[in-house]
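Just so you know, we're using my numbering here: the sequence shown kicks off at 4 and counts up by one.
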Amino acid sequence: MTSVLANISARQISQLSNTQIEALTSDDLVGLSAAQVKAFTSTQVSAMDNSVISSLSTQVISQLAPKSVTGLTLSQLEAIGTNQVSGLTTQQVTALYTSQIDAFSDEQIEALDSKQVSALTSKQLAVLSAEDLNSFTTAEIASIKKTSLSGISPAVLAELDTDKLAALTTAQITSLSSSQMAALTNEQFSSLTGAQFAALSARQIAGLDEDIIGDLTTTQFAAMTTKQIAGLTTEQFEAIGTANLEALNADQVSALNAKQVATLSADELNTFTTAEIAAIKKTSISSITTTALAGLTTDRIAALTTSQMASLSSIQMAALTSSQLSSLTSAQFGSMTAKQIAGLATDTLANMSGAKLEAMTTRQLSAFSTAQFDALSSDSIAALNEAQVAGLSAKQLATLSATELNSFTDSEIASIKKASVSGITTDAIAGLSVGKIASFTTSQIASLTSAQMGALTSSQLAALTPEQFSAMSAKQIAGLSTATITNLNGEQLEALTTKQLSAFSTDQFASLNAGSIEALTDTQVAGLSAKLLSTLTAAELNSFSDTEIAAIKKTSLSGLTTTALAGLDPDKVAVMTTSQIASLSAAQITALTPDQFSALTNDQFSSLTVKQISSLSTSVMANLDEDRLKAMTSKQIASLSTAQFDALDEDNIEALSATQISALSAKLTATLSAEELDSFTTSEIASISKSAISGLTTSALSGLSGEKLASFTKAQVQSMSSAQVNTVLAAYQNN
């Protein structure tokens, strides 16, 4: 059987039955190639006799596919020797089931080398005992992938020899879980090298017992990294003595998180230097208890940075003593946040002088509530500078009267944010002087609401500049009546931006006169939506220039009615871009007249989508010239229905290229007659895909010449049915 086995293919090897596999001897396997050995399936491997498995050389063992090795039974594993185990590839080791790894003897485990050990997965490592792990060399321990170490249980890790633990790389150390770290004995923990200790992550530090943290010396504590400090739990942090807290440097203090800072008393905080106080993260400052904050010395309060000051809560601010408040610098006061500012009483604000208000930042001023802002006197309002006016919100502006608004300079009016302009009341708008109205920017004009626009007096409207008028928003444009739109001349329409034009409703756009439509620019046409295009007639479309036709967005073309499209001049159709052509719906494609269809260029025709191609009638297909057919892509050819393909005449079939023929499906090849198939060249015959071969009818095959029959590839013949093969053989013999 040896010679027979050596001559069969790998595919045939994989199809051998278990009975045939069981009959194999070790001699049968000796002469097999690597490809043949690799073809054995896991089921076949498990069917092999133990004596055959045990006699396999390390070379043959290594040639088995990783998936096939999973077929080794427990009794087979017991039968193989350590040499065979050492012959396993890393891929084979990784593929082994955990039950197979668990079945390895101590000697087999010990026979694994560093590369094989590095291939072990976390699940495989999980079945190894402490004795198994301790049988590895230090180099093998160091070779374990850090992603696999998680498989070692804390209990097993606790029994790892100290020399083995010391062999772990820093990358491996950092991959240990908190529970694994917590399982380490004091002896193991003491065996960690300096590099290993420094590599411990915050997560791992969090797994350490509080007693270990509490026993750290000030030297050890001072040497901890900022990440390790930040990783301490609140319980661990509370275990730190005052002496160790005092040993912290500014970098370590900056690493403290909110929960850690919340445990500190006033006495403990006062052990920090002013530089260390200033190093506390602003996100942690808010966690200082009100009692601790109230107990801070004034120099510690004065050491707070402006960002720290801004992070204090309103409750913390309320806890500050009078002496602490008096120690605040002007910079600290200026850094107060919105929430802090919100605590100021309205009666206090009513008495605030203009000079004090002018000294406030825009951020502080924007924090005023409407009640607070309304409490300010008119003199204080008049004292606001341009930057402050620019920071006012819509709600704050809503409290201002026309008199107060008119007290602003023209530049201050122009500085009002467009998002805030809508807050000005209609009464205040109507009371503005024409000079103030004229100082509005175009963006402010565009932000006025319909109600505000309606409140403008005739004199105010007359004061608007052309630029202000052209800045009107879509909503403002939408208020124009169709009667007004109808009277727009070409120059007026041409002056509108695409954004303004896109705001037209279909009724408004439909009311435009023909002269206005013809006056549209390329840019304006490019901005027309599908809805607006749906109002155009064929005559209006034909008034567009070639560049305007080509400028229409492909996403808008769907709006063109089939009637308008059918009336488009053929030369206009010819200037459409390929992306425009490809965006036409099936209904629009169907609406094209023969003259329009004939006007399509080869590039346009090849851009037709599968859906568009499928909408072409059989009569269109029957009248296709060879140039159009040759322009069709493989994807387009493949999308043809059998009826469409069958409608092609013999000249068109003969004109198909090898690339196009390779795209034919079985359904399409099934329509080919003997004459059509025989019109293909030998290279075109060879280009027919294997899946399409099955569609060829026996009658078509029987009419092929000997030269065409001989052009079928081996792969094509192998994909034929028995009936097709018999037909080909008979036809070949007849030739």
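C-beta atoms are modelled at their ideal positions from N, C-alpha and C, and glycine is treated no differently.
Burial state of Leu523 is buried, judged by a 10 Å Cβ sphere holding 16 or more other Cβ atoms. Secondary structure of Glu162 (DSSP, three-state): coil.
Taking C-alpha positions only, Leu627 is separated from Ser505 by approximately 40 Å.
Contact check for Val96 against Ala114 fails: the beta carbons are separated by 7 Å or more.
In this structure, Leu560 sits near Gln583, with a CB-CB distance shorter than 7 Å. Lys614 has its alpha-carbon roughly 10 Å from the corresponding atom of Ala585.
Where Tyr735 is concerned, the enclosing alpha helix (DSSP H) starts and stops at 725 to 737. Per DSSP, the continuous alpha helix (DSSP H) segment holding Ala374 begins and ends at 373 to 377. Bounds of the alpha helix (DSSP H) holding Ile688 are 685 to 690.
If you check the CB distance, Ala567 and Leu535 do not come in under 7 Å. A straight-line Cα-Cα distance of about 16 Å links Ile243 and Ala269. Where Thr716 is concerned, there is no enclosing alpha helix (DSSP H), because DSSP gives it neither an H nor an E.
Residues of the same chain with a CB within less than 6 Å of the CB of Gly234, apart from the 5 flanking positions on each side, are Ala205, Ile208, Ala209 in chain order. Boundaries of the alpha helix (DSSP H) harbouring Val48: 45 to 50, taken from the DSSP string. Its Cα nearest to that of Ala641, the residue Ser694 stands out among Asp549, Ser425, Leu248, Ser694.
Counting every other CB atom within 10 Å of its CB across the protein chains shown gives Leu732 a total below 16, marking it as exposed. For Thr429 and Ala401, the gap between their C-alpha atoms comes out near 10 Å.
About 5 Å separates the beta carbons of Gln255 and Ile232, which is inside the 8 Å limit, making them a contact pair. Every alpha helix (DSSP H) stretch that sits fully inside the region 268 to 342 and reaches 4 residues is listed by chain position as 269 to 272, 277 to 282, 285 to 288, 293 to 297, 301 to 305, 309 to 314, 317 to 322, 325 to 329, 333 to 337. Around the beta carbon of Phe376, 16 or more other beta carbons sit within 10 angstroms, so the residue counts as buried. Contact check for Glu629 and Asp654: beta-carbon distance about 7 Å, within the 8 Å limit, so the pair qualifies. Rounded to whole angstroms, the gap between the alpha carbons of Asp214 and Ser178 is 23 Å. Sixteen is the threshold: since fewer than 16 other Cβ atoms of the shown chains lie within 10 Å of the Cβ of Leu77, the residue is exposed. With respect to the 7 Å criterion, Thr301 and Ser330 are classified as neighbours on the basis of their beta carbons.
The Cβ atoms of Thr501 and Gln527 sit closer than 7 Å to each other. Membership of Ser436 in any alpha helix (DSSP H) is not indicated, and neither H nor E is assigned to it by DSSP. Just measuring C-alpha positions, the residue of Ala202, Asn247, Leu203 sitting nearest Phe224 is Asn247.
By the 16-neighbour rule on beta-carbons within 10 angstroms, Gln736 is exposed. A distance below 6 Å between beta-carbons, with the five flanking residues on each side excluded, links Ile176 to the following residues of its chain, in chain order: Gln199, Ala202. Contact annotation, Ile64 with Gln87: C-beta distance approximately 5 Å; criterion of less than 8 Å satisfied. By the 16-neighbour rule on beta-carbons within 10 angstroms, Ile318 is exposed. Runs of the alpha helix (DSSP H) lying entirely within the region 516 to 555 and spanning at least 4 residues, in chain order: 517 to 522, 525 to 529, 533 to 536, 541 to 545, 549 to 554. Counting C-beta atoms within 10 angstroms of its own C-beta, Arg631 has 16 or more neighbours from the protein chains shown and is therefore classed as buried. Contact check for Ala38 against Ala9 fails: the beta carbons are separated by 7 Å or more. Straight across, the Cα-Cα distance linking Thr685 with Ser692 is about 14 Å. Nearest in C-alpha terms to Asp574, of all of Leu595, Lys41, Leu563, is Leu595.
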